[in-house]
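If you're matching positions, the sequence shown starts at 0 in numbering that gives the first Met the number 0 and goes up one per residue.
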Amino acid sequence: MSPSAACRAREVAEAAARPLGVERLGFCPLSALSRLLSCRGRKLLPPEGSVILLLLPYYAGEFPGRNLARYALADDYHRIAGEILQSVASALQAAFPGESFLPFVDSSPIPEVEAGALAGLGFPGRNGQLITPWYGSLAFLAEIVTTLPLPQTGPREGSCGSCRRCLDRCPTGALTAAGLDKSRCRSYITQKKGELTPEEARQIRLGGLAWGCDICTDACPRNARPAVTTIPRLGQDLVPVLTPDNLPALIGRKSYGWRGEGVLRRNLAILAGD
């Protein structure tokens, strides 16, 4: 792709994303990635194509007494991000009618943190999250896979250095220098179906959240002074406290709704001491 065409692609993407509150995006050639996450992904993705990555910051302020992870306070980010991606993809499709643009939110065969780092949006943190210069790790990554061969816009300098606060603060030892043991992660436990072990129930009770766990995120010094979200819909309709009474009205709107009422009611009962 010529430099002028690449510049045009960036201009079109930024012009479509900016009015929706997206201030940061980058490009990564698929060939730069160390792997794709599934065989199906390898078949779906164009070998000479690229991924366009958008950062969607979600921090919306402090809410004492909240019993939900920060990312789950607003309405379902999958829908919000999906609409943003579709707007950007449509603008790019109009500008490059011979190419394909396929949006992904949380279901991508792309290794998102690696791609985000290669696109210059941050660096991989010890907590497994992308640490960005603008939002710390309090941002969703969403992407558009395209047949358009775009130039890489990163990587960006940065690392955790000697900091290991997230590892030291993980209450269950799920997060170590070797990676994440998902089965021990409080966030995973709050999403687990069926009957929990006494230890798993104890971890939910100690964590105080009916959904998710923010401990490793809050421990990160890059999140000490977080910027408030620039995405209007991620700062609206916030519900920081889930209860048995408001659950039916929220189940269809929030990102935790996919798991169903049973798991959430179980978690709320554990927090209530039932």
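Where is the CB? At the ideal position from N, CA and C, for every residue including glycine.
Residue environment analysis places SER1 among the exposed positions, since fewer than 16 neighbouring C-beta atoms fall within 10 angstroms of its C-beta.
For GLU142, no alpha helix (DSSP H) encloses it; the enclosing beta strand (DSSP E) starts and ends at 138 to 145.
Annotated as distal: PRO220 and ALA5, with beta-carbon spacing of 9 Å or more. Annotation for PRO2: the continuous alpha helix (DSSP H) segment containing it runs 2 to 16. In this structure, GLY64 and VAL227 do not form a Cβ contact; the two beta carbons are roughly 20 Å apart against a cut-off of 8 Å. Here LEU263 has ALA209, TRP210, LEU241, LEU246, ILE250 and TYR255 as same chain residues with Cβ atoms under 8 Å from its own Cβ, once five neighbours each way along the sequence are excluded.
LEU24 carries a strand assignment under DSSP once its states are collapsed to helix, strand and coil.
Between the beta-carbon of ARG185 and that of CYS212 there is about 4 Å, and that keeps the pair under the 8 Å contact cut. Check the Cα spacing between LEU137 and each of VAL144, ILE143, GLN128 and THR145: the tightest is with GLN128. Residue environment: ALA16 is assigned as buried (16 or more neighbouring CB atoms within 10 Å of its CB, all protein chains considered).
Put simply, of ARG69, VAL87, THR145 and LEU54 the residue whose alpha carbon is nearest the alpha carbon of GLY97 is THR145.
The straight-line gap separating the alpha-carbon atoms of LEU32 and ASP244 is approximately 46 Å.
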